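A.B. asks: The structure under discussion is supplied below as structure tokens; questions concerning it will follow.
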Amino acid sequence: MKCKDLLLHCNFYFHRFLYELSQIPNFAERAQCIIFQSVFSEGITSVHRKVDVITCVSKGLLGMKSVKEILGLILAFGNYMNGGNRTRGQADGFGLEILPKLKDVKSRDNGINLVDYVVIYYLRHFDKDAGTDKSIFPLPEPQDFFQASQVKFEDLIKDLRKLKRDLGAHEKQMKIVCEESSEHHLQPFKDKLEEFFQKAEEEHKTEENCLENAQKSFEETVGYFGIKPKSGEKEVTPNYVFTVWYEFCSDFKTIWKRESKNISKERLKMAQQFVNKLTEEKKVETKKINPMASLKEKLRQKEASVTTN
Numbered sequence: 001m002k003c004k005d006l007l008l009h010c011n012f013y014f015h016r017f018l019y020e021l022s023q024i025p026n027f028a029e030r031a032q033c034i035i036f037q038s039v040f041s042e043g044i045t046s047v048h049r050k051v052d053v054i055t056c057v058s059k060g061l062l063g064m065k066s067v068k069e070i071l072g073l074i075l076a077f078g079n080y081m082n083g084g085n086r087t088r089g090q091a092d093g094f095g096l097e098i099l100p101k102l103k104d105v106k107s108r109d110n111g112i113n114l115v116d117y118v119v120i121y122y123l124r125h126f127d128k129d130a131g132t133d134k135s136i137f138p139l140p141e142p143q144d145f146f147q148a149s150q151v152k153f154e155d156l157i158k159d160l161r162k163l164k165r166d167l168g169a170h171e172k173q174m175k176i177v178c179e180e181s182s183e184h185h186l187q188p189f190k191d192k193l194e195e196f197f198q199k200a201e202e203e204h205k206t207e208e209n210c211l212e213n214a215q216k217s218f219e220e221t222v223g224y225f226g227i228k229p230k231s232g233e234k235e236v237t238p239n240y241v242f243t244v245w246y247e248f249c250s251d252f253k254t255i256w257k258r259e260s261k262n263i264s265k266e267r268l269k270m271a272q273q274f275v276n277k278l279t280e281e282k283k284v285e286t287k288k289i290n291p292m293a294s295l296k297e298k299l300r301q302k303e304a305s306v307t308t309n
């Protein structure tokens with residue numbers, strides 16, 4: 001078949017396909033309903049991902065014992081450094097906004113900063129698994145804090161409202177298509193779309209509840225740590241709270257990885273020394289109780305005695 005004939009052949013089937021589509025009743029509405037299934041799925045998944053990260057980091061800050069231990073160390077070291085300052089005295093707490101600034105508090109020789117010291121002390125006094133595969137990072141992940149800092153509750157509320165409006169509009173379209181279509185063109189469109197809209201409404205309701213719970217968890221976190229709004233702002237936002245934690249956790253994790261490797265090397269060195277010591281002791285013990293060596297010694301002494309006589 002020549003190239004020109006092939007093009008004509010393809011063109012014929014293309015136009016025939018378009019013609020057959022045009023014969024389907026309410027084709028445009030059907031197409032919109034089918035496409036909306038993907039649009040809704042992507043939209044509700046996006047909202048869920050953002051809601052979930054807010055909930056996870058909020059509950060992590062409130063529920064992780066290690067978070068409280070680390071904050072306790074920061075407070076204790078801060079009070080120790082201010083011990084000679086009669087004006088400041090001993091603090092009962094501190095504002096979380098200072099967390100990203102702790103790396104700027106350095107020793108006299110600038111060889112170590114306060115975050116270094118906190119990490120080292122925590123690993124060597126609180127984490128019994130430090131330097132092993134069982135050791136767990138004691139704070140929520142920095143990347144989770146970063147993602148949470150990008151979330152705006154008002155945007156999530158708007159997104160859910162829009163999804164609900166679009167859900168209602170497309171469900172009406174589906175009903176119109178079903179009313180105006182003959183039995184021949186009704187299935188499987190009707191059953192599949194009815195099932196989709198039922199599940200979509202349930203998913204939407206679930207996500208509304210999840211968003212409400214995420215807001216409550218965030219408010220509990222703000223209240224627990226006594227966080228105040230930034231200057232010029234009326235309320236505390238996820239961006240403000242979690243940016244502070246993101247910066248601190250990023251510094252903390254970098255140092256945590258480094259010190260964990262150092263401790264791992266120390267453990268390995270100690271284990272090797274212990275094995276070497278056991279090996280040496282075993283050699284000495286074997287030498288002492290070697291029966292062949294004892295027999296040879298007796299024969300040597302007897303030969304020496306005979307020679308002397």
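Be aware that the sequence shown starts at 1, since it is given in the UniProt record's numbering, and climbs by one per residue. We put the beta carbon where it would ideally sit given N, CA and C, even for glycine. This one's a predicted model, so the numbers in the text were calculated from it and none came from an experiment.
Any idea if S58 is buried or exposed, counting beta-carbon neighbours within 10 angstroms, 16 or more meaning buried?
C.D. replies: As a position in the sequence shown, residue 58 is number 58, starting the count at 1. So S58 ends up on the buried side.
A.B. asks: How many whole angstroms separate the CB atoms of Q32 and Q147, which I take to be in contact at a CB cut-off of 8 Å?
C.D. replies: Along the sequence shown, one-based indexing puts residue 32 at 32. Along the sequence shown, one-based indexing puts residue 147 at 147. Their Cβ separation, rounded to whole angstroms, is 32 Å, which puts Q32 and Q147 out of contact at 8 Å.
A.B. asks: Does the region 157-173 come within contact of the region 53-68, defined as at least 3 CB pairs closer than 8 Å?
C.D. replies: In short, these stretches do not touch, since the Cβ pair count stays below three.
A.B. asks: Please classify A28: is it buried, with 16 or more other beta-carbons within 10 angstroms of its beta-carbon, or exposed?
C.D. replies: In the sequence shown, counting from the first residue as 1, residue 28 sits at position 28. That one is exposed.
A.B. asks: Alpha carbons only, please: which of E203, L114 and D191 is nearest the one belonging to I34?
C.D. replies: Against the sequence shown, residue 34 aligns to sequence position 34. Out of E203, L114 and D191, D191 has the C-alpha closest to the C-alpha of I34.
A.B. asks: Look at the Cβ atom of F248, then the Cβ atom of P100, and state whether they are nearer than 8 Å.
C.D. replies: Here residue 248 refers to the residue found at position 248 when the sequence shown is read from its first residue. Here residue 100 refers to the residue found at position 100 when the sequence shown is read from its first residue. Yes, these two residues count as a Cβ contact at 8 Å.
A.B. asks: Going by other Cβ atoms of all chains shown within 10 Å of its Cβ, with 16 needed for buried, is V51 buried or exposed?
C.D. replies: Numbered from its first residue, the sequence shown carries residue 51 at position 51. Its Cβ being crowded by 16 or more others within 10 Å, V51 is buried.
A.B. asks: Between L156 and V47, how many whole angstroms is the CB-CB distance? I'm expecting something under 8 Å.
C.D. replies: Translated into the one-based positions of the sequence shown, residue 156 becomes position 156. Translated into the one-based positions of the sequence shown, residue 47 becomes position 47. Rounded, the Cβ-Cβ distance is 6 Å, consistent with contact.
A.B. asks: Evaluate the contact criterion for the region 61-78 versus the region 196-213: three or more CB pairs, one atom per stretch, below 8 Å.
C.D. replies: Taking 8 Å as the limit for Cβ pairs, the verdict is that the region 196-213 does not touch the region 61-78.
A.B. asks: Counting pairs of beta carbons, one from the region 256-270 and one from the region 122-140, are three or more of them closer than 8 Å?
C.D. replies: The region 256-270 vs the region 122-140: in contact.
A.B. asks: If I follow the unbroken alpha helix (DSSP H) through P142, where does it start and stop?
C.D. replies: In the sequence shown, counting from the first residue as 1, residue 142 sits at position 142. Looking at the DSSP string, the run of the alpha helix (DSSP H) that includes P142 is P142 to S149.
A.B. asks: Return the CA-CA distance between E171 and D127, expressed in angstroms with no decimal places.
C.D. replies: For the purposes of this step, residue 171 is taken as the residue at position 171 of the sequence shown. For the purposes of this step, residue 127 is taken as the residue at position 127 of the sequence shown. Distance between the alpha carbons of E171 and D127 is about 55 Å.
A.B. asks: Name the DSSP bridge partner or partners of K106?
C.D. replies: Within the sequence shown, the letter at position 106 stands for residue 106. N113, per the DSSP bridge assignment.
A.B. asks: Would you mind listing the beta strand (DSSP E) stretches within the region 203-251 that are 3+ residues and don't spill past its ends, in chain order?
C.D. replies: You should have found no qualifying run.
A.B. asks: Mark V275 as exposed unless 16 or more other C-beta atoms lie within 10 angstroms of its C-beta, in which case mark it buried.
C.D. replies: Mapped onto the sequence shown, residue 275 falls at position 275. Exposed, by the Cβ-count rule.
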